[in-house]
Amino acid sequence: MKNKTYNKRKVLIVFVCASAILLALIGRLAYLMIFDAEYYQKKAESLHERERDIKAARGEIVDRNKTVLATNKTVCTISVIHNQIEDPELIIQTLAKELELDEAAVRKRVEKVSSIERIKTNVEKEIGDRIRNYNLAGVKVDEDFKRYYPHNELASKVLGFTGGDNQGIIGLEVKYEDYLKGINGTILTTTDTRGVELEGVAEDRMEPVAGQSLQISLDYNIQSFCEQAALKSMEEKQADAVSILLMNPQNGEILAMVNVPEFNLNEPYILNTGTDADTLTDEQLQDQLNQMWRNGCINDTYEPGSTFKIITTSAALEEGVVKLDDTFSCPGYRVVEDRKIRCHKVGGHGSETFVQGIQNSCNPVFIDIGLRLGADRFYDYFDQFGLFGLTNVDLPGEAGTIMHKKEDIGLVELATMSFGQSFQITPIQMATTVSSLINGGKRITPHLGMAVLDKEGNVVEELKYKEKDGIVSEETSATMRMLLEGVISEGTGKNAYIEGYSIGGKTATSQTLPRSANKYISSFIGFAPADNPQVLGMIAIHNPQGVYYGGTIAAPVMRNIFDNVLPYLGIEKSETVSDEEQQ
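The numbering of the sequence shown is the numbering used here, which starts it at 4 and goes up by one.
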């Protein structure tokens, strides 16, 4: 009787435990089927679906006349699917040969156990089609897009380039990435438990969305001509580099931005110096590539030299510390504290008016008016003219002005600042500031982006930029235009004169640091027509050999550019009447 009761108790315990386990399993199953169903459904789908990207076509970049500067060409991505491979040796040999890859590297990828292994991207379509025609089991050839630049080096440091996955790296390509990039699509294929794609099951495709195009203010013809002029100047003067900037001073639209030597946008990792990359360490190579990609117009600062006298003059006129008929004496130097600061004319200019001082680019005259302004007011005008901020040009990496702290500006610093030494600014800052001083006193934002376009070329969005009035008075601006026209017609800028056109401008020759290196930058800023400026041009020749004066070597280059660009833009010469016709 006792054993029977004990056995019943054991059976009951086993039954209760079994029931509890069964109820727990049923509960767990119900939880998985009801509450976790979505998670496991996705898990199952991921095991039976293989996803491949379809690259979106990147938006084009076109110039102001819709000439294509950056576009796309069809390329292929070659991949292998391990579980579908039937003849690995044939695949290894074929891909190594067609793709010009090391056989060991291809073998490593082909033999790797993975759902899909990419062998090579950006393969020319002709090669991709040839591989597809081999009908090799397990080899996939997908078409996508590669960035292509039809004009190779043209505006390379402005346009920039893209990386392997079509993302912008430098220049406009990265600045306008959100507009240009588009949205990638996908191809979904269904597989069995072994990872083999099922026949008869349709692919599920999510089509890519192409990026929007960008229309920029650059003019292909003007840019091409300026690049040719810069290359010719660099070769003739055996210079290290030449930068040219052309813009509309009324609205900030950049017509050309040149930084020679440029580089090939379709081969952006090949040095343009001819240096063998194999002789460099990875760090050295990257440093040289970064230097090659730099846009000197916006990334680098320099001492502006005498072109800065435009800014000093504007501040002095606005403040009322000088009049046009004020007279000065130039013995060839000016002593400031313990420093003897020389004029470029060794014997001096003698007695001269302020107008003549500008035409002669006389340092003692500008030292005198700089001292009249004083450090505090000069500093205030730097701020008023926008020199302490950035221009906000729509390119990445703009450098800022390098200037003394106000409390560190003594009489010597003030004297040298007045004629453009002892501080540094960028060429784009110099051109933008001069634009505001000759256009009536309106600070404009220099820019390239004009509009965002759809694939049909219709305007989706017009790009707007800030402007600020009241930089100088209309009267001061008009006086500056008149004075700078005199520099070209009667002063140091005579080599920029073109008969029939009224041109204003200023030359400069500045020494780079360290002074002991005896390296110079020859530059010129000019605008036309002088009474109503439509084009402002700036050129900087870095480390020219032989004669290095801006008026001698930089001004003639800009004259040649204006002589061709002004008629192209429809700016006609003024009619002049000869003496015979008057009689």
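Note that the Cβ used here is the ideal one computed from N, Cα and C, for glycine as well.
Since the structure is predicted, the reported quantities are computational estimates derived from the model, not experimental observations.
Taking the Cα of Ile301 as reference, the smallest distance to any Cα among Glu239, Val396, Leu258, Ala280 is reached at Val396. If the five residues before and after Ile542 are omitted, its C-beta is found closer than 6 Å to the C-beta atoms of Ile247, Phe527, Ala557, Val560, Met561, all from its own chain and listed in chain order.
Leaving aside the five residues that flank Pro532 on each side, the residues in its chain whose CB is nearer than 7 Å to its CB run, in chain order, Tyr504, Ser505, Ile574. In the structure shown, Cys346 falls within a coil segment according to DSSP collapsed to helix, strand and coil. Taking a contact to require three or more Cβ pairs closer than 8 Å, the region 102–115 and the region 78–92 qualify as touching. The continuous alpha helix (DSSP H) containing Ile313 extends over residues 312–322. Fully contained in the region 476–555 are the following beta strand (DSSP E) runs of length 3 or more, in chain order: 507–514, 523–531, 538–545. Following the DSSP letters along the chain, one finds Val568 in no beta strand (DSSP E) but inside the alpha helix (DSSP H) bounded by residues 558–571. Of Lys509, Arg337, Lys58, the smallest CA-CA separation from Glu146 is found for Lys58.
For Thr74, the uninterrupted beta strand (DSSP E) segment begins and ends at 71–83.
In the assembly as shown, Ser216 is a buried residue. Its beta-carbon has 16 or more other beta-carbons within 10 Å. Cβ-Cβ distances below 8 Å link Leu162 to Ile64, Leu72, Ala73, Tyr152, Gly174, Leu175, Glu176, Leu268 in the same chain, with the five nearest sequence neighbours on each side left out; the list follows chain order. Rounded to whole angstroms, the separation of the alpha carbons of Phe148 and Lys76 is 6 Å. In the structure shown, Leu268 adopts coil according to DSSP, grouped into three states. Of the residues assessed, Phe391 falls on the exposed side of the cut-off, its CB having fewer than 16 other CB atoms within 10 angstroms.
In the same chain as Lys348, and ignoring 5 residues on each side of it, the C-beta atoms closer than 8 Å to its own belong to Cys333, Gly335, Asn363, Cys365, in chain order.
When DSSP states are grouped into helix, strand and coil, Val19 belongs to the helix group. With 16 or more neighbouring CB atoms inside 10 Å of its own CB, Phe530 falls in the buried class. By the neighbour-count criterion, in which a residue is buried when 16 or more other Cβ atoms sit within 10 angstroms of its Cβ, Tyr179 is buried. Only exposed fits Gly323, as fewer than 16 other CB atoms lie within 10 angstroms of its CB. Going by DSSP, Ile257 is part of the beta strand (DSSP E) stretching over 257–263. Per DSSP, the continuous beta strand (DSSP E) segment holding Glu464 begins and ends at 462–465.
With distances taken between CA atoms, Ile314 lies nearest to Ile361 out of Lys100, Ile273, Ile361. Counting along the chain, Gln427 sits inside no alpha helix (DSSP H), nor does DSSP assign it H or E at all. Within the same chain, Cβ atoms closer than 6 Å to the Cβ of Ser421 are found at Thr315, Phe369, Ile370, Gly373, the five residues on either side in sequence being excluded.
Of the other Cβ atoms in all chains shown, fewer than 16 fall within 10 Å of the Cβ of Thr282; this residue is therefore exposed. For Arg375, there is no enclosing beta strand (DSSP E); the residue is part of the alpha helix (DSSP H) that begins and ends at 366–387. The region 216–244 contains, as complete beta strand (DSSP E) runs of 3+ residues, the segments 216–219 (chain order). A straight-line Cα-Cα distance of about 7 Å links Ala481 and Gly443. For Asp145, there is no enclosing alpha helix (DSSP H); the residue is found in the beta strand (DSSP E) stretching over 142–151. Excluding five sequence positions before and after Lys409, the CB atoms of its chain that fall closer than 6 Å to its own CB belong to Tyr382, given in chain order. Burial is judged here by how many other beta carbons sit within 10 angstroms of a residue's own beta carbon; Leu26 has fewer than 16 and is exposed. Inclusion of Val358 and Leu320 in the CB contact set at 9 Å is not warranted, their separation being larger than that value.
Of all C-beta pairs linking the region 452–471 to the region 485–499, fewer than three are shorter than 8 Å, placing the two stretches out of contact. According to DSSP, Ile301 shares a beta bridge with no other residue.
By the Cβ neighbour-count rule, Met36 is exposed, with fewer than 16 other Cβ atoms within 10 Å of its own.
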